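Residues in the sequence shown are numbered from 2 upward in steps of one, following this note's numbering. What follows is a short report on a single structure.
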Amino acid sequence: MTEVLKMYIDGEWVSSLSGAKRTIINPADQSVLGIVTEGDANDVDRAVKAARRAFDDSSWRDMKAGERAELLRRLADAIEAQTDVFVALETKDSGKPLRESAYDVSDCCACFRYYAGLATKPHGQTYEVGEDVQALTVREPIGVCAQIIPWNYPLLMSAWKLAPALAAGNTVVFKPAEITPLSAIRLFELMEEVGFPKGAANLVLGSGTIVGAAMSAHPQVDKVAFTGGTVTGRKILEASIGNLKKVSLELGGKSPNIVFADADFAAAVDYALYAIFANQGQVCAAGSRLLLEDTIYDRFVERLVERTKKIKVGNGMEPGIEMGPLVSSKQLDKVLHYIDIGQQEGAKLLCGGHRMAGHGMEKGFFLEPTLFSNTTEDMSIVKGENFGPVLAIQKFPDDTDEL
Ligand code: NAD
2 MTEVLKMYID GEWVSSLSGA KRTIINPADQ SVLGIVTEGD ANDVDRAVKA ARRAFDDSSW
62 RDMKAGERAE LLRRLADAIE AQTDVFVALE TKDSGKPLRE SAYDVSDCCA CFRYYAGLAT
122 KPHGQTYEVG EDVQALTVRE PIGVCAQIIP WNYPLLMSAW KLAPALAAGN TVVFKPAEIT
182 PLSAIRLFEL MEEVGFPKGA ANLVLGSGTI VGAAMSAHPQ VDKVAFTGGT VTGRKILEAS
242 IGNLKKVSLE LGGKSPNIVF ADADFAAAVD YALYAIFANQ GQVCAAGSRL LLEDTIYDRF
302 VERLVERTKK IKVGNGMEPG IEMGPLVSSK QLDKVLHYID IGQQEGAKLL CGGHRMAGHG
362 MEKGFFLEPT LFSNTTEDMS IVKGENFGPV LAIQKFPDDT DEL
């Protein structure tokens, strides 16, 4: 029988109180990667209470900063020692190519080391406010932090949330995206191994609408740190008002790259491609709009099409693959819908635009890298974040034009 992967609450690996489960699949072929326990509001409650106790008994926040730093450094070393495990997990769970997962693992270690360093540095200021009188500012931990992340950088985003909060002496209740929890589970196993005290960091698993919503509303949570969609961000802000939590939101985007005629042509082409096709375009800062000066427009677009058609799409686990599948069928449908609307609104499809099926890709959520030209500001593919490998190209006359 397949082992059911558990949550980590108060220093114990536990199943959800309801006994519910969720199947995690590989977006490259829909094979089952694992079964995980599926939490609800009752599990959130016990995780928050554990984090509350761990904060209030001071075992974590009053631990010497050097000791907290040492734990974070040991964690970084432990992750690094298992780089291959994490790279494979991340690629299987999220679809991204191996080389991108390798970058994420390395960046994750760097993040834990960076905040380990910061934990022992001065973090206050001194002011002269009168004769023989000084005022001090001292930075203190906030308390219990609820942390909610999306599926596009499961491991790296875990580090970006956990490392600073723990370094500062907060305790944490952490929720990965429900469809990509595997690297976070492994990360918490290592946190236990290196000796984080019980209750300091708790892992809950489950859906956003149930588990995420309960974390955002819980009266014993002092802060919510969220990365994800703008619509969700609004819900979290609303849910958090009961006890006036501090809230930080990192939401969606629709970033433009602007290329003028005097730019380094080859470098600009490389970066325009990287900006939209890295991680299958599922990046909040993706360069999903490209504005080209008219005198280089035709040559630039021609080169982009040529290069885009050569991108190697396939199962991210295969060496040499440059673009993997989208993370889920839901995400694939959403992006295909945008492509459809793009055509209906009059944009010109230069290449791509279809689900891919050949070469063993039948069961995966693969989408051709897609370029649209003749786009205008009022079009949905220019205004809306589709979070996929779809570039909207616009032309501008010269640098005096209002963009
Ligand atoms: P999402 O907002 O649907 O989900 C993100 C997380 O929030 C998941 O863990 C989900 O379970 C949880 N969630 C969902 N509903 C919730 C609710 N009502 N209350 C609390 N939590 C809830 O986003 P997604 O589809 O996973 O990710 C894509 C979005 O994330 C895109 O819009 C993208 O731009 C954004 N994003 C932003 C950044 C950034 O740094 N600004 C980084 C990555 C992704």
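Positions of the beta carbon are idealized from the N, C-alpha and C atoms, including for glycine. Owing to the predicted nature of the structure, the values given are computational and were not obtained by experimental measurement.
With a Cβ-Cβ cutoff of 9 Å, do VAL195 and ARG300 count as a contact?
no
Which partner residues of MET362 appear in the DSSP bridge assignment?
In DSSP, MET362 forms no bridge with anything.
Counted within 10 angstroms of its Cβ, other Cβ atoms place HIS219 as buried (16 or more) or exposed:
buried
Restricting to Cα atoms, I'd like to know which of LYS176, GLN221, LYS199, GLU193 is closest to THR210.
LYS176
Using C-beta distances below 6 Å, list every residue in its chain close to LEU77, excluding the 5 sequence neighbours before and after it, in chain order.
Strictly speaking, residue 77 in this sequence is Ala, with Leu absent from that position. Here the set comprises CYS110, PHE113, ARG114.
Residue nearest to ILE149 in terms of C-alpha spacing, selected from GLY234, MET192, LYS65, GLU141
GLY234
Less than 8 Å between the CB of CYS109 and some heavy atom of ligand 2, yes or no?
In terms of ligand content, the structure shown lacks ligand 2 and carries ligand 1 instead.
Report whether the distance from the Cβ of LEU191 to the nearest heavy atom of ligand 1 is below 8 Å.
no
Supposed contact pair LEU250 and PHE227 - C-beta distance, whole angstroms, cut 8 Å
5 Å
Rounded straight-line distance, which links the Cα of LEU291 to that of THR92
28 Å
Measure the beta-carbon distance from TYR128 to ALA164 and round it to whole angstroms, keeping in mind my assumption that it falls under 8 Å.
Not quite, the Cβ-Cβ distance comes to about 30 Å (not below 8 Å), so this is no contact.
Compute every distance between the C-beta of SER17 and the non-hydrogen atoms of ligand 1, then say whether any falls below 8 Å.
no
Can you give the Cα-Cα distance for PHE373 and ALA214, rounded to whole angstroms?
37 Å
Taking all protein chains shown into account, do 16 or more other C-beta atoms lie within 10 angstroms of the C-beta of ARG140, making it buried, or fewer, making it exposed?
exposed
Residue from PRO182, ALA166, GLN126 with nearest C-alpha to TRP152
PRO182
Apart from the five residues on each side of it in sequence, which residues of its chain come closer than 8 Å, Cβ to Cβ, to GLN31?
LYS364, GLY365
Measure the alpha-carbon distance for THR138 versus ASP46 and round it to whole angstroms.
33 Å
Check this for me: beta carbons of LEU350 and ILE340, under 9 Å apart or not?
yes
Within 10 Å of its beta-carbon, does ALA136 have 16 or more other beta-carbons around it, so buried, or fewer, so exposed?
exposed
May I ask you to check if the CB of LEU368 is nearer than 8 Å to at least one heavy atom of ligand 1?
no
Do you know how far the Cα of LEU245 is from the Cα of LEU238?
10 Å
Any chance the stretch 38–53 sits against the stretch 63–75, with 3 or more Cβ pairs inside 8 Å?
no
Simplified DSSP assignment, three categories, for TYR9
strand
If you run the structure through DSSP and keep just helix, strand and coil, what is ASN153?
coil
Please report the Cβ distance between VAL314 and PHE367, rounded to the nearest whole angstrom; I am assuming they are in contact, meaning their Cβ atoms lie under 8 Å.
6 Å
Let me make sure I understand the geometry here. Which of ALA21, GLU68, PHE278, SER330 has the alpha-carbon closest to that of GLU323?
PHE278
What is the residue span of the beta strand (DSSP E) that THR24 lies within?
22–26
Residue interval of the beta strand (DSSP E) (run including SER249):
247–251
Let me check you understand the geometry: is the CB of THR377 closer than 8 Å to at least one non-hydrogen atom of ligand 1?
no
What is the DSSP secondary structure of ARG47, reduced to helix, strand or coil?
helix
Close beta carbons around HIS169, own chain, < 6 Å, minus the five adjacent residues each side
The displayed chain sequence assigns Ala, not His, to residue 169. Counting only Cβ-Cβ distances below 6 Å, and skipping sequence neighbours, we find PRO142.
Three-state class that DSSP yields for TRP14 in the structure shown:
strand
Does ligand 1 have a heavy atom nearer than 8 Å to the CB of MET216?
yes
C-beta atoms of ILE80 and LEU191 nearer than 9 Å
yes
Minimum C-alpha distance to ASP399 - residue among CYS285, PRO370, PHE261
PHE261
What first and last residue would you give for the beta strand (DSSP E) that runs through GLN395?
391–397
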